[in-house]
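Structure record follows, encoded as structure tokens.
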Amino acid sequence: PHRSRIFSGMQPTSDSLHLGNYLGALTQWVALQDDHDAIYCVVDLHALTVGPDPAVLRERTRRTAAQYLAAGVDPARSILFVQSHVPEHAELAWLLSCQTGYGEASRMTQFKDKAAKQGTDGTTVGLFTYPVLMAADILLYGTDLVPVGEDQRQHLELTRDLAQRLNSRFGKDTVVVPEAHIVKATAKIYDLQEPTAKMSKSAESPNGLIELLDDPKVVAKRIRSAVTDTEREIRFDTAAKPGISNLLTIYSALSGTDVATLERQYEGKGYGDLKKDLAEVVVDFLTPFQARVNGYLADPSSLDAVLADGADRARELASPTLDRVYDRLGL
Ligand code: ADP
Ligand code: NA
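Quick note: the sequence shown uses the UniProt record's numbering, first residue 8, plus one each step.
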């Protein structure tokens with residue numbers, strides 16, 4: 008039977024991914040490998056839109072790939088590669104940008120938000136055309152399904168619009184029109200200090216973050232200092248008790264114990280007990296995870312070989328798509 012193809016990626020814009028990236032995306036990527044043809048990319052071309060230092064970008068690209076591997080992305084089953092190693096991404100992005108309306112691109116709310124913060128002179132054209140590059144990433148591989156969070160939904164809609172436009176202007180089957188892969192049960196993780204905001208590497212303060220490569224002692228301290236509420240009851244209620252609910256979500260996701268069982272287990276106990284136990288659960292997860300990441304980083308030639316093999320396999324899929332689009336456009 009035909010296995011659906013999925014594509015996903017993350018930007019190498021920080022030294023470490025955080026627990027939201029892990030529980031909201033990576034664990035899902037790993038599970039999807041079982042019955043999909045999965046392609047997972049470190050999208051370093053996207054990261055260029057924010058003007059990173061070259062040496063820092065190179066290091067973060069490797070660290071991001073190592074974290075994918077440590078989470079369980081399996082290069083024997085899935086394609087794991089770095090976006091810039093496959094030049095077809097940049098090439099298709101140009102072709103697609105000439106099919107994208109200026110007004111259409113101007114309606115992307117993520118761009119509008121970022122440009123409003125940075126001012127037009129502090130904003131690159133690359134940031135403006137970012138969703139077009141994302142469309143190229145997806146369309147190059149004949150992707151059927153794209154796991155997307157709420158924040159990427161509008162970009163995926165643009166991708167679908169572009170795919171349908173190519174097929175109607177230049178012939179059906181020019182590209183595959185992808186669908187959103189709706190994630191049923193992935194956890195959304197919130198900031199420990201501001202538990203109504205999602206945990207994000209762009210947070211103002213690192214104190215609300217659990218970074219996968221942080222010192223476990225620092226992580227344990229952040230969990231003990233997490234914002235809660237003035238009640239005493241350990242109960243899952245995101246509206247009234249966002250802090251406690253977030254701690255329960257993390258606990259449940261990492262331990263495999265469902266939230267209702269945890270609520271019963273902590274009946275009559277205090278927030279301090281919950282935090283102390285959760286810190287232990289998180290540290291027990293992080294310690295072997297970090298050992299695996301360090302193993303990959305300590306052996307650069309093996310990591311390079313994995314990424315080179317991934318890029319070769321990605322190009323085998325990307326190149327015929329790009330050739331077809333060039334041809335149909337008259338090039
Ligand atoms: P960030 O907000 O830290 O920059 P990204 O936007 O790069 O994270 O997201 C990368 C992936 O991680 C996406 O699939 C996104 O849905 C997921 N993700 C990011 N933050 C969280 C979170 N707090 N909870 C659950 N999933 C998250
Ligand atoms: Na983000």
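Note that beta-carbon positions come from the ideal geometry of N, C-alpha and C, so glycine has one too.
Since we're looking at a predicted model, the values are computed, not measured.
With distance defined between alpha-carbon atoms, name the residue in Leu55, Gly79, Gly58 and Asp51 nearest to Thr68.
In the sequence shown, residue 68 corresponds to position 61, counting from 1. Answer by Cα proximity: Asp51.
Are the beta-carbon atoms of Thr107 and Leu169 separated by less than 8 Å?
Position 100 of the sequence shown holds residue 107. Position 162 of the sequence shown holds residue 169. Cβ atoms of Thr107 and Leu169: closer than 8 Å.
Between Arg320 and Lys124, what straight-line distance do the alpha-carbon atoms span, to the nearest angstrom?
As a working note, residue 320 is residue 313 in the sequence shown. As a working note, residue 124 is residue 117 in the sequence shown. Cα to Cα, Arg320 sits roughly 39 Å from Lys124.
Within the same chain, show all residues whose beta-carbon is closer than 8 Å to that of Lys283, passing over the 5 residues directly before and after it, in chain order.
Counted from its first residue, the sequence shown places residue 283 at position 276. Closer than 8 Å at Cβ, skipping near neighbours: Arg231.
Endpoints, alpha helix (DSSP H) assigned at Arg331
As a working mapping, residue 331 is identified with position 324 in the sequence shown. Its alpha helix (DSSP H) spans residues Pro307 to Leu336.
Just to confirm, does Asn214 get its C-beta within under 7 Å of one of the non-hydrogen atoms of the ligand ADP?
Counting from one through the sequence shown, the residue named residue 214 turns up at place 207. Asn214 Cβ: outside cutoff for every heavy atom of the ligand ADP.
Using only CA atoms, which one of Leu26, Pro154 and Gly110 lies nearest to Val289?
By 1-based counting over the sequence shown, the position of residue 289 is 282. Considering only alpha carbons, the answer is Leu26.
Beta carbon shell of the ligand ADP at less than 5 Å from a heavy atom
Met17, Gly27, Asn28, Gly31, Ala32, Gly156, Lys195, Ile196, Lys205, Met206, Ser207 and Lys208
Rounded separation between Asp236 and Pro94 - CA only:
The count along the sequence shown starts at 1 and reaches residue 236 at position 229. The count along the sequence shown starts at 1 and reaches residue 94 at position 87. When rounded, the distance between both Cα atoms is 51 Å.
Return the CA-CA distance between Thr268 and Asn28, expressed in angstroms with no decimal places.
In the sequence shown, counting from the first residue as 1, residue 268 sits at position 261. In the sequence shown, counting from the first residue as 1, residue 28 sits at position 21. Rounded to the nearest angstrom, the two C-alpha atoms are 25 Å apart.
How is Lys205 classed by DSSP in three states: helix, strand or coil?
Numbered from its first residue, the sequence shown carries residue 205 at position 198. Looking at Lys205 - three-state DSSP - the assignment turns out to be strand.
Would you decide whether Leu338 is buried or exposed? Buried here means 16 or more other CB atoms lie within 10 Å of its CB.
To locate residue 338, count along the sequence shown from 1; it is residue 331. Answer is exposed; the Cβ neighbour count stays below 16.
I think Leu21 touches Lys208, with their Cβ atoms under 8 Å apart; what is that distance to the nearest whole Å?
For the purposes of this step, residue 21 is taken as the residue at position 14 of the sequence shown. For the purposes of this step, residue 208 is taken as the residue at position 201 of the sequence shown. This sequence places Ser at residue 21; Leu is not what is there. Yes, they are in contact, since the Cβ atoms of Ser21 and Lys208 sit about 4 Å apart, within 8 Å.
Thinking just about the alpha-carbon of each residue, which of Phe292, Ser309, Thr256 and Ile13 is nearest to the one in Leu147?
If you number the sequence shown from 1, residue 147 lands on position 140. Of the candidates Phe292, Ser309, Thr256 and Ile13, the one whose C-alpha sits nearest the C-alpha of Leu147 is Ile13.
Are Phe292 and Val266 close, meaning C-beta to C-beta below 8 Å?
Along the sequence shown, one-based indexing puts residue 292 at 285. Along the sequence shown, one-based indexing puts residue 266 at 259. No, the Cβ-Cβ distance between Phe292 and Val266 is not below 8 Å.
Can you list, in chain order, the stretches of the beta strand (DSSP E) that have 3 or more residues and sit fully within the segment 118-167?
152-154
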